[in-house]
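Comments concern the structure below.
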Amino acid sequence: MTAGSVFQAPLFLRAGQTVTNLIYYVTATAASTPTNQWVGLAYPAGLSGATATAKCVAISADGTTAVHAANALVTTALATPYVVPITRFYIAFACCAATTGQTVSAGVTMGTAGRGSAAPWPAGVADTSKTTPYTVGATVGATTAASASMLFYAN
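In the numbering used here, the protein residues as written are 106 to 260.
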């Protein structure tokens with residue numbers, strides 16, 4: 106993860122499901138000197154880019170300076186559990202403001218040819234230079250470039 110950039114990926118959720126935590130895996134490198142970090146959910150998820158305006162529906166507390174170890178699952182509780190109102194894809198997102206961002210598990214990066222060559226992109230970097238979490242109801246930036254799809258889990 107590039108430090109201070111919001112990484113987002115589609116996450117399929119079912120109506121009635123209660124999401125208490127978002128989980129991702131830190132791989133070979135932990136963040137260096139984190140100052141702020143958080144995860145959250147946004148809705149509606151569909152086409153990103155200029156055609157979508159997603160709103161934050163759930164956010165975690167700011168994890169501030171906690172360093173997540175390399176090669177470990179990171180489970181982050183949402184500030185308020187989110188009860189999914191409709192079955193569909195949502196946007197899961199994470200951000201770590203730090204000197205150097207951590208590496209995380211992700212799917213294959215879309216190249217600059219084919220699907221990765223034109224917006225809208227289903228996953229990747231959205232807002233950059235973030236140092237504070239979104240608030241519930243805030244607009245979440247659209248994906249601005251093709252990227253690997255960060256792997257999120259919800260429970």
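Even glycine gets a Cβ: it sits at the ideal position worked out from N, Cα and C.
Ranked by Cα distance from R193, the first of Y148, G109 and G242 is Y148. If you look at Y130, you'll find it in the beta strand (DSSP E) that goes T123 to V131. Judged by their CB atoms, Y239 and C161 are nearer to each other than the 8 Å cut-off. Close CB contacts of G246 within its chain, under the 8 Å cut and outside five residues either way in sequence, are with V111, A231 and D232 (chain order). A residue is called buried when at least 16 other Cβ atoms come within 10 angstroms of its Cβ; S137 does not meet this threshold and is exposed. The criterion of a C-beta distance shorter than 8 Å is satisfied by V189 and Q122.
Counting the other Cβ atoms within 10 Å of the Cβ of I196 gives 16 or more, which makes it buried.
When the Cα atoms are used, A159 and Y187 turn out to be separated by approximately 16 Å.
Counting the other Cβ atoms within 10 Å of the Cβ of G242 gives fewer than 16, which makes it exposed.
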